[in-house]
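J.:
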Amino acid sequence: NTYPKWEPLKEMNDSLMIFEDTDGDGRADKRKIFAHVHNPLGFEFWGGGVIVTSGPDLLFLKDTDGDDKADVRYPILQGLGTADTHHAANNLIYGPDGGFYWQSGIFLVHNHETPWKPNLNIGASGMYRFDPRSFAITPHAGNSPNPHGTSFDYWGYCYANDGTGGRSFQVRPEGKGFKMHELLTKEFRPVAADEVLSSTHFPEDMQNDFLICNTIGFLGVKQYDLDRDGDGKKRKFGEVWGTPVKELLNSSDRNFRPTDAIVGADGALYVSDWHNVIIGHMQHNIRDPNRDHKHGRIFRLTVKDRPLQKPVKIDGQPIEALLENLKHPVNGVRHRTRVELSARNSKQVIAATQKWMKDFDPNDEVEAHHLLEALWMHQQHNVRNEELLNKLLNSQVKHAVVAAKTVDHFWHNVESGAGGFAAPADIEFVKFDPPKHLSPEDQKVYKLGAEVYQRHSHCATCHLTHGKGNGITYPPLVGSPWVNGSEDRLIKMALHGLWGKITVRGKTYEPARGVPPMTAFRQLLKDEELAAVLTFVRNTWGNNASPIQPESVKRVREETASRTIFFRPEELLAEHPLEAELVLKDIGIDPDGFSNEKLEKELLEASPVDLAKTALEKGDVERGKKLFYKSAAACFACHDPPSGTIRLGPDLSKVTTKLKNEDLVDSVLRPSKLIDKAFAQVNVLTTQGKIYTGVRVSEDDKELVLRNLAQVEPITIKKADIEETVES
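When we follow our numbering, the leftmost residue of the sequence shown carries the number 620, and every step to the right adds one.
(1) Can you confirm whether the segment 1047-1060 touches the segment 1105-1120 when touching is taken to mean that 3 or more C-beta pairs between the two stretches lie within less than 8 angstroms?
(2) For residue 1240, count neighbouring Cβ atoms within 10 angstroms of its own Cβ and tell me buried if that reaches 16, exposed if not.
(3) Contact defined as beta carbons within less than 8 angstroms: I believe residue 680 pairs with residue 708. What is the distance between those atoms, to the nearest angstrom?
(4) Taking the straight line between their C-alpha atoms, what separation do you get for residue 1348 and residue 637?
(5) So, is residue 1244 buried or exposed, given that buried needs 16 or more other C-beta atoms within 10 angstroms?
(6) In three-state DSSP terms, what is residue 1236?
(7) Evaluate residue 982 with the Cβ neighbour count: other Cβ atoms within 10 Å of its Cβ, from every protein chain shown; 16 or more gives buried, anything less gives exposed.
(8) Can you tell me where the beta strand (DSSP E) holding residue 1077 begins and where it ends?
(9) Can you find the residues in the same chain that come closer than 6 angstroms, C-beta to C-beta, to residue 634, ignoring five residues on each side of it along the sequence?
(10) What did DSSP end up calling residue 1112 once you bin it into helix, strand or coil?
(11) Give the secondary structure of residue 1044 by DSSP, where H, G and I count as helix, E and B as strand, and everything else as coil.
(12) Scan the segment 777-846 and note each continuous beta strand (DSSP E) run of 3 residues or more that stays entirely inside, going in chain order.
(13) Is the segment 805-819 close to the segment 755-771, with three or more CB pairs under 8 angstroms?
(14) Tell me whether the segment 816-827 and the segment 939-951 touch, counting them as touching only if at least three CB pairs, one residue from each stretch, are closer than 8 angstroms.
(15) Give the single residue among 913, 924, 946, 955 whose Cα lies nearest to the Cα of residue 933.
(16) Which word fits residue 693, buried or exposed, when buried means at least 16 other C-beta atoms lie within 10 angstroms of its C-beta?
(17) Counting only runs that start and end within the segment 745-781, where is the beta strand (DSSP E) found for 3 or more residues in a row?
(18) Whose CA, out of 1198, 1238, 1105, 646, lies closest to the CA of residue 1175?
(19) Buried or exposed for residue 685, please, with buried defined as at least 16 other CB atoms from any protein chain shown within 10 angstroms of its CB.
(20) In angstroms with no decimal places, state the Cα-to-Cα distance between residue 1046 and residue 1079.
(21) Spatial neighbours of residue 875 within its chain, please: C-beta separation below 7 angstroms, excluding the five flanking residues on both sides.
(22) What is the DSSP secondary structure of residue 1214, reduced to helix, strand or coil?
(23) Once the 5 residues before and after residue 803 are set aside, which same chain residues still bring their CB inside 6 angstroms of it?
(24) Using the rule of at least 16 other Cβ atoms within 10 Å of the residue's Cβ for burial, across every protein chain shown, is residue 1087 buried or exposed?
(25) Where residue 729 and residue 1033 are concerned, what is the direct C-alpha to C-alpha distance, given to the nearest angstrom?
(26) Among the residues of its own chain, which have a CB less than 6 angstroms from the CB of residue 962, if the five just before and after it don't count?
(27) Distance, Cα to Cα, residue 841 vs residue 1149?
(28) Apart from the five residues just before and just after residue 1137, which ones in its own chain have a Cβ nearer than 6 angstroms to its Cβ?
(29) Which of the three DSSP states, helix, strand or coil, is assigned to residue 969?
(30) Report the partner residues of residue 880 according to the DSSP bridge assignment.
(31) Measure from the alpha carbon of residue 827 to the alpha carbon of each residue in 855, 777, 798, then state which is nearest.
(32) How should residue 1180 be labelled, buried or exposed, when 16 other C-beta atoms within 10 angstroms of its C-beta is the threshold for buried?
(33) Could you tell me which uninterrupted beta strand (DSSP E) segments, each at least 3 residues in length, are contained entirely in the segment 672-728, listed from first to last along the chain?
(34) Using 10 angstroms around the beta-carbon of residue 1321, count the other beta-carbons present and answer buried if the total reaches 16, otherwise exposed.
Structure below.
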């Protein structure tokens, strides 16, 4: 009722309702208000209740006394953008992997705070994934400015729409995240929702077809047949393409606006009709009196002379019976069964699942799908089962392999949490065994430190899992006096960050050579976490120094509470000089074991022509791709950024038309030699001691404007506030 905007001083009386068909005639004869919410654009069942968008909150609602009214109500996530309701979070769906998916458009900004990650402040359009068990929110895949609709099919393939443009996509793992790929040739626009048709009530030739809801072009529901096997040329196996079949439903009523479609428990297709004269928001006044708030409808589409689908018992059934439901051919039955199992005890569910799956054959198509359901059940309850994953990765059933690769991608490539679109972890999680010289209590602390060290955008992102850094930008932690020396010096660095010229193991790292500031973790880590990760780095890779206690972190945090800027190396050394014995030990270590300086010198002295020739003759494209997207160099971040993020380097797709091979090699070795001024990095120190790094967007007598990957908005610095500018 408040759509498209609540009017101040008037009642917020939107609601989530229950429609009930008590006599089985296919028509609802009872309507109940389950809960009052605000501009709900999507809801999904989970955990014994329902999760619904109610801007700016994602609410969890539950009825505990059976009166069909929510008596449990709390925000499970806050910070959904509400500036433009047409672009707000919509079409919630619980994925087979246990994540909640929705799409959201460009004309608003989300600001989410979770217990485990930095705040996610983002205004990019696309698909988002929320884990209701860990409260992690992740930008999943970028899309066009006004996206609507998400669905999954039998094998877990994911689909989405660009609402305004009318395009449809398959969402696939790619690079370090997920990306959208064209699913079909667009015929109409706009598309408000989609559904994968799976119902025993509908004919066999329609099963797993893709449906779109169109609100202008033909005013109805259009069906597409999906080819999931590839064509052996342009499309690989598992890369899906849709071919138009027929208009499943349309209307001559010019106000018919199908906005969603879903298969019910009886196998019928239920289509919501928004039924509105005005559907635009930017073209019309938001409080235009012609906006219709009274005539919304739900249609029920059935097939003549075919029996309805028999409902399957789900609510309240024992876990063993629910697992048997996962053998059902209909997607909706298995989906609602997973939802029911989401409310059950995870240990009991996983134990029963492992018993249920033990005799299935991964090379039989039907049983391979049962194993896939078991794998998804582990994923939904945040329990990794590498043995089961590997069994499916080696299956002879190709669709099972594709699905298992997606799970593998989630578990080993993509980190759930804040970031931009396609913002995955740069590293694989490595298990570290605590050294024996630590006490049993300190060994527990060490294990926590290993986990903290490898969190996305924390320590391993720069210093890598081997602790050696990358030899150019990030210094090694192995044998470093800065790590193994003064506890207070190390704690201060970790709390407040470090910026400036620093020498580690005989090699100098400085901003002029592109070395960024060290992250300040004071707001990201608790005292226990910071103590744990510092204990970890002081006792790994041959390091052997005293563990750091949380009490020490707390003391230093309190002593430096007023500090708001990075420490500079010379400032820390004045307070805590490097220990002589560690410096001497440092000098005695051969730096060649931990540095690429020899190789760097050799490459710089070599002929670019010869290097280019060698690259063409012996180069490995796949290894190069891995280095481009997955190494510490992180080339993709600037040159092939995810949709919705900032480009901070030139597009390399046409570089061969601009540079000879030898010039390209020379540019890699000497990036500053031919750097485009539009992408030159600048480090700025202000009179307040703050440091900004980025690419120069504009500059005049009054201000300097920078952009970088870490911030969505431009950084504007007044010229009067600049103390020092260093060109990279």
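Glycine included, each C-beta is placed from N, C-alpha and C at the ideal position.
T.: This is what the structure gives:
(1) no
(2) exposed
(3) Their Cβ separation, rounded to whole angstroms, is 16 angstroms, which puts residue 680 and residue 708 out of contact at 8 angstroms.
(4) Residue 1348 is absent from the structure shown; the chain starts at 620 and stops at 1347.
(5) exposed
(6) helix
(7) exposed
(8) Taken as a continuous stretch (DSSP letters only), residue 1077 belongs to no beta strand (DSSP E), as it is neither H nor E.
(9) 652, 655
(10) helix
(11) Note that residue 1044 has pLDDT 30, beneath the 50 cutoff, so the model's placement of it is unreliable and no number is given.
(12) 777-781, 787-793, 796-801, 810-816, 828-833, 839-846
(13) yes
(14) yes
(15) 955
(16) exposed
(17) 745-750, 755-761, 766-771, 777-781
(18) 1105
(19) exposed
(20) Low confidence applies to residue 1046: its pLDDT is 36, below 50, so where it sits in the model is not reliable enough to give any reading.
(21) 838, 892, 894
(22) Residue placement at residue 1214 is flagged as unreliable, the pLDDT there being 44, under the threshold of 50; a coordinate-derived value is accordingly withheld.
(23) 787, 843, 861
(24) buried
(25) 21 angstroms
(26) 666, 667
(27) 55 angstroms
(28) 1116, 1117
(29) helix
(30) 890
(31) 777
(32) exposed
(33) 676-681, 691-697, 709-713, 719-723
(34) exposed
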